[in-house]
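In what follows, a single structure is set out as structure tokens and then discussed.
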Amino acid sequence: MENDSPPQHTALQCLTLIARHHGIQISVEKLIHEHSLETREPDRNRLLRIAREIGLKARFTRLKWEELNKVGEAYPVMARLDNGNHVIVVGAHQDENGIIDQVAVFDPLAERTEADEAKGASRDFLLLPREKFQAAWSGDLLLLKRSYSLKDEKQPFGFAWFIPEILRQRTVFLDVAIAAVFIYLIALATPLFFQIVIDKVLVNQAEQTLKVLGIGIVIALIFDAVLDFLRNFLLLHATSKIDIRVAGRTFSHLLNLPVAFFDRISAGVLTKHMQQTATIREFLTGSLFLTLLDSFALFVFIPVLFFYSVELTFVVLVFSGIIALVIGILIPPFRRRLQALYQAEGERQAPYWSNPFTACPPSRRSPWGRYCARGGRTAPPRRFPCNTG
């Protein structure tokens with residue numbers, strides 16, 4: 001006898017709740033309508049496809065009870081039960097010995113009391129012991145994570161957080177790259193000039209040739225100086241715009257944080273965090289970008305070096321490799337010292353800073369953009385125009 005009762009759609013309910021946790025607003029009804037699931041539950045492949053369509057990275061995995069602590073920051077996850085329903089596993093609790101003894105589970109089919117319905121409160125999480133959860137769990141988990149595009153301004157803070165702002169200035173950076181390529185080509189003029197002068201002009205006493213070469217090298221050097229000035233000017237213009245927008249986004253993000261966040265972190269450390277956006281931006285658009293441009297110069301100079309002397313070229317490459325190796329060895333201790341200095345600086349600033357962010361009225365937020373713009377116009381090169389310190 002077939003079961004004619006409508007499906008519970010626990011998988012879609014759990015999926016929409018986790019999607020909302022990641023900032024994606026979607027409803028169960030919309031998913032049912034778009035995928036024609038009125039009379040059936042989605043299978044594994046359909047569930048993966050639905051998750052990816054709404055902007056989530058999804059992957060099924062199979063774990064044992066002892067391996068639940070490996071999920072880490074991937075919580076909350078979906079767990080499939082033996083009866084075909086799905087629940088949300090919010091986290092795992094460990095006892096004094098580090099052994100998982102309970103899991104926090106959200107069941108979309110859990111009943112709510114009338115008082116909860118009247119208040120609009122969500123269902124409570126269930127703390128299930130190992131025996132009870134394992135008796136119903138099939139061992140399958142669906143890991144879900146927000147998928148961000150490079151241009152998405154809502155992605156978590158990190159290196160990718162600056163990419164949308166950098167892409168806004170991609171035309172300027174392309175012009176900078178073209179100017180840099182021409183500068184590297186012109187850089188060959190000086191050594192070639194001296195080679196010709198020593199090998200040809202001085203030997204043959206060719207004064208007219210020397211005059212022509214002198215005029216040519218002067219023109220090349222002037223052209224090189226103009227390109228270098230334009231490159232630095234365009235780079236400064238683009239990075240100032242990025243600084244202004246990043247400062248505004250950082251300040252807005254800070255004001256939207258819950259009050260409990262400011263109770264857990266020192267004001268001095270928070271201030272240092274605010275200031276590090278300048279360092280990250282300067283690394284991406286300054287050191288890293290210019291280093292990548294310099295790496296293209298290798299395609300110009302290395303073939304020329306091999307043309308002159310293969311042995312000397314290998315000597316240069318070997319010493320360059322040794323320098324890179326030494327730098328790689330020194331990075332870890334420098335990083336530890338810098339982290340200790342960073343923490344000490346944050347603690348040093350803590351007594352001198354109050355926490356004005358939690359009580360900042362909207363009327364005080366508006367001038368921030370004007371302050372950033374004015375700072376961007378008046379700041380010296382390679383400095384953060386809206387330094388919060």
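Quick note: the sequence shown uses the UniProt record's numbering, first residue 1, plus one each step.
Using N, Cα and C, we set each Cβ at its ideal position, and we do this for glycine too.
Item to check | Local conformation of Pro129 per DSSP, three classes | outcome: strand
Item to check | Secondary structure of Gly55, DSSP reduced to three states | outcome: coil
Checklist entry - Contact check, Trp65 vs Gln8 under 8 Å by CB: the rounded distance? => result About 25 Å separates the two Cβ atoms, so there is no contact after all.
Item to check | Lys241, DSSP secondary structure in three states | outcome: helix
Checklist entry - Would you call the CB atoms of Lys145 and Leu56 closer than 8 Å? => result yes
Next on the checklist: What would DSSP say about Thr39, mapped onto helix, strand or coil?
Outcome noted: coil
Item to check | Residues near Ser309 by beta carbon distance below 7 Å, same chain, minus five either side | outcome: none
Item to check | Cut-off 6 Å between Cβ atoms - residues of its own chain near Arg59, not counting five sequence neighbours on either side | outcome: Leu143
Next on the checklist: If contacts are defined as beta-carbon pairs under 8 Å, then Ile26 and Ile54 qualify, I think. What distance do you get, rounded to the angstrom?
Outcome noted: 5 Å
Checklist entry - Does the distance from the C-beta atom of Ala278 to that of Gln169 stay below 8 Å? => result no
Checklist entry - So His35 packs on Ile24, CB below 8 Å; how close in whole Å? => result Rounded, the Cβ-Cβ distance is 16 Å, inconsistent with contact.
Item to check | Unbroken alpha helix (DSSP H) run spanning Leu298, endpoints | outcome: 289-308
Item to check | Residues of its chain near Thr10, where Cβ-Cβ distance is below 6 Å and the 5 sequence neighbours each way are ignored | outcome: Asn85, His86, Pro108
Next on the checklist: Check for me: the alpha helix (DSSP H) holding Ile166 runs from which residue to which?
Outcome noted: 163-168
Item to check | Unbroken stretches of the alpha helix (DSSP H), 4 residues or longer, contained in the stretch 203-281 | outcome: 207-255, 259-264
Checklist entry - In whole angstroms, what is the alpha-carbon distance linking Glu29 and Leu47? => result 15 Å
Checklist entry - Under 8 Å, do residue 398 and Phe173 count as touching if we go by C-beta distance? => result For the chain, the structure presents residues 1 to 389; residue 398 sits outside this window and is missing.
Next on the checklist: Using C-beta distances below 7 Å, list every residue in its chain close to Phe193, excluding the 5 sequence neighbours before and after it, in chain order.
Outcome noted: Leu213, Ile217
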